[in-house]
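For the sequence shown, the residue numbers in the UniProt record's numbering are 1 to 221. Only one structure is covered here, and it is reproduced in the block below.
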Amino acid sequence: MAKNTPRREQALTRERIIEASISLLDSRGESGLTFRALAEELSTGAGAIYWHVANKNDLMTAACDALVARTLEVPVIEAAPQDVIRAVALGMFDAINAHPWIGSALARAPWQSPIVRLLERLGQQVRAMGVAPAGQFAAVSALLSYILGVSGQNAANAQIGKELGGDREAILAQVAAAWSALDADAYPFTRSIAPQFREHDDRADFLAGIDLILRGMALPG
């Protein structure tokens with residue numbers, strides 16, 4: 001009699017592999033994403049997965065690309081270019097905060113699909129704002145660098161906060177107290193912003209930076 005083998009409820013597809021990878025990355029981190037763990041998650045063999053993805057880097061890029069694509073599903077009809085840029089920026093900020101591994105995945109795949117998606121969406125809006133062609137690439141690069149850099153740093157700060165106990169208010173209060181105690185002659189500015197730092201809102205500050213860039217782009221060249 002032939003030995004019965006477990007049947008997968010769904011056919012193994014690249015999409016299912018990507019969704020399972022996102023789940024593993026979120027729950028176990030980058031080190032937890034292995035083909036063995038993925039095979040167990042999907043009730044299949046590692047060899048079957050290799051039919052759809054070449055290696056771990058390919059897998060992480062695909063998972064990242066899927067999340068970036070979802071983030072960019074922002075309504076653009078009758079929306080001002082500046083508002084679309086703000087929505088895209090905040091969407092990426094929230095996505096990287098929820099999935100901190102996105103930063104690492106983007107670093108492994110410079111100028112591949114996830115970055116190109118962002119480049120295209122931001123570039124269309126920069127062009128719609130009337131930025132001169134000679135300045136469009138610089139403007140988009142500034143936006144892209146700010147969005148990914150600040151979002152990545154925010155996610156890293158959140159991880160550090162978890163390692164320190166997870167009490168954001170207590171951590172900010174501790175830093176603010178340390179800044180307030182700095183030498184007044186050597187660190188006048190840092191001392192002056194200590195109370196503001198204690199109460200600051202990461203998302204609001206992030207958007208304030210986007211608005212600064214947008215205002216700079218609107219200045220006559």
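The beta carbon of each residue, even a glycine, is placed where N, CA and C say it ideally should be. The model shown is predicted, which means the values in this text are computed figures rather than measured ones.
(request) Spatial neighbours of residue 66 within its chain, please: CB distance less than 6 Å, with the 5 preceding and 5 following residues excluded, ordered by chain position. (result) Along the sequence shown, read from residue 1 onward, the residue named residue 66 stands at position 66. For residue 66, where only same-chain residues beyond five positions count, the Cβ hits under 6 Å are 18.
(request) Measure from the alpha carbon of residue 12 to the alpha carbon of each residue in 52, 86, 207, then state which is nearest. (result) Sequence index remark: in the sequence shown, residue 12 carries index 12 (1-based). When only C-alpha atoms are compared, the closest one is 52.
(message) What residue range does the alpha helix (DSSP H) around residue 111 cover?
(response) Residue mapping note: residue 111 aligns to position 111 of the sequence shown, counting from 1. That residue, residue 111, is in no alpha helix (DSSP H); it is neither H nor E in DSSP.
(message) Please classify residue 143 as buried or exposed, where buried requires at least 16 other C-beta atoms within 10 Å of its C-beta.
(response) If you number the sequence shown from 1, residue 143 lands on position 143. The residue is buried, with at least 16 neighbouring Cβ atoms inside 10 Å.
(message) Quick check on residue 188: buried or exposed, where buried means 16 or more other Cβ atoms within 10 Å of its Cβ?
(response) Taking the sequence shown and counting its residues from 1, one reaches residue 188 at position 188. Counting Cβ neighbours within 10 Å, residue 188 comes out exposed, since fewer than 16 surround it.
(message) Give me, in chain order, the residues of the same chain whose beta-carbon lies closer than 7 Å to that of residue 303; leave out the 5 immediate sequence neighbours on both sides.
(response) The structure shown does not extend to residue 303, since the chain is modelled only from 1 through 221, so no value can be given for it.
(message) Is it the case that the stretch 19-38 contacts the stretch 53-62, given that we only count it when at least three CB pairs across the two stretches are under 8 Å?
(response) yes
(message) Please report the straight-line C-alpha distance between residue 200 and residue 186, rounded to a whole angstrom.
(response) For this step, residue 200 is matched to residue 200 along the sequence shown. For this step, residue 186 is matched to residue 186 along the sequence shown. Each residue's Cα considered, the two are about 23 Å apart.
(request) Would you mind listing the alpha helix (DSSP H) stretches within the stretch 131-166 that are 4+ residues and don't spill past its ends, in chain order? (result) 133-163
(request) State the DSSP-derived secondary structure class of residue 187, mapped to helix, strand or coil. (result) Position 187 of the sequence shown, counted from the start, is the residue given in the question as residue 187. Note: residue 187 maps to coil in three-state DSSP.
(request) Could you tell me the distance, in whole angstroms, from the CA atom of residue 7 to the CA atom of residue 44? (result) Here the question's residue 7 lines up with position 7 in the sequence shown. Here the question's residue 44 lines up with position 44 in the sequence shown. Low confidence applies to residue 7: its pLDDT is 45, below 50, so where it sits in the model is not reliable, and the reading given next is rough at best. So the alpha carbons of these two residues sit roughly 9 Å apart.
(message) Using a Cβ-Cβ cutoff of less than 7 Å, which residues in the same chain neighbour residue 102 once the five nearest sequence positions on both sides are dropped?
(response) Within the sequence shown, the letter at position 102 stands for residue 102. Excluding residues within five positions, the ones whose Cβ falls inside 7 Å are 64, 67, 95, 96.
(request) Look at residue 86 and residue 210 and say whether their C-beta atoms are less than 8 Å apart. (result) Within the sequence shown, numbered from 1, the residue matching residue 86 stands at position 86. Within the sequence shown, numbered from 1, the residue matching residue 210 stands at position 210. In contact: residue 86 and residue 210 (Cβ atoms closer than 8 Å).
(request) From the DSSP output, in three-state form, read off residue 210 for me. (result) In the sequence shown, the residue the question calls residue 210 occupies position 210. In the structure shown, residue 210 sits in a helix (DSSP, three-state: H, G or I).
(request) Report the rounded CA-to-CA distance for residue 126 versus residue 140, giving the unit in angstroms. (result) Counting from 1 along the sequence shown, the entry for residue 126 is found at position 126. Counting from 1 along the sequence shown, the entry for residue 140 is found at position 140. Straight-line Cα distance between these residues: approximately 7 Å.
(request) Throw me the rounded Cβ distance for the residue 61 and residue 108 pair, which I believe falls under 8 Å. (result) The count along the sequence shown starts at 1 and reaches residue 61 at position 61. The count along the sequence shown starts at 1 and reaches residue 108 at position 108. 7 Å between Cβ atoms; contact.
(request) For the alpha helix (DSSP H) containing residue 79, list its first residue and its last residue. (result) Position 79 of the sequence shown, counted from the first residue, corresponds to residue 79. Taken as a continuous stretch (DSSP letters only), residue 79 belongs to no alpha helix (DSSP H), as it is neither H nor E.
(message) Once DSSP output is grouped into helix, strand and coil, what is the label at residue 20?
(response) Locating residue 20 in the sequence shown gives position 20, counting from the first residue. Three-state DSSP puts residue 20 in a helix.
(message) At the level of alpha carbons, what is the spacing between residue 219 and residue 100?
(response) Here residue 219 is taken as the residue at index 219 of the sequence shown, counted from 1. Here residue 100 is taken as the residue at index 100 of the sequence shown, counted from 1. Going from the Cα of residue 219 to the Cα of residue 100 covers about 34 Å.
(request) Find the nearest neighbour of residue 106 within the set 37, 178, 145, judged by alpha-carbon distance. (result) Numbered from 1 along the sequence shown, position 106 holds the residue referred to as residue 106. Checking every option, the nearest Cα to that of residue 106 belongs to 145.
(message) Between the alpha carbons of residue 81 and residue 39, how many angstroms are there, rounded?
(response) Translated into positions along the sequence shown, residue 81 becomes position 81. Translated into positions along the sequence shown, residue 39 becomes position 39. Roughly 43 Å between the two C-alpha positions.
(message) In whole angstroms, give me the CA-to-CA distance for residue 181 and residue 175.
(response) For this step, residue 181 is matched to residue 181 along the sequence shown. For this step, residue 175 is matched to residue 175 along the sequence shown. Spanning the two alpha carbons is a distance of roughly 10 Å.
(request) To the nearest angstrom, report how far apart residue 124 and residue 88 are at their CA atoms. (result) Working through the sequence shown from its first residue, we reach residue 124 at position 124. Working through the sequence shown from its first residue, we reach residue 88 at position 88. Those two C-alpha atoms are separated by around 12 Å.
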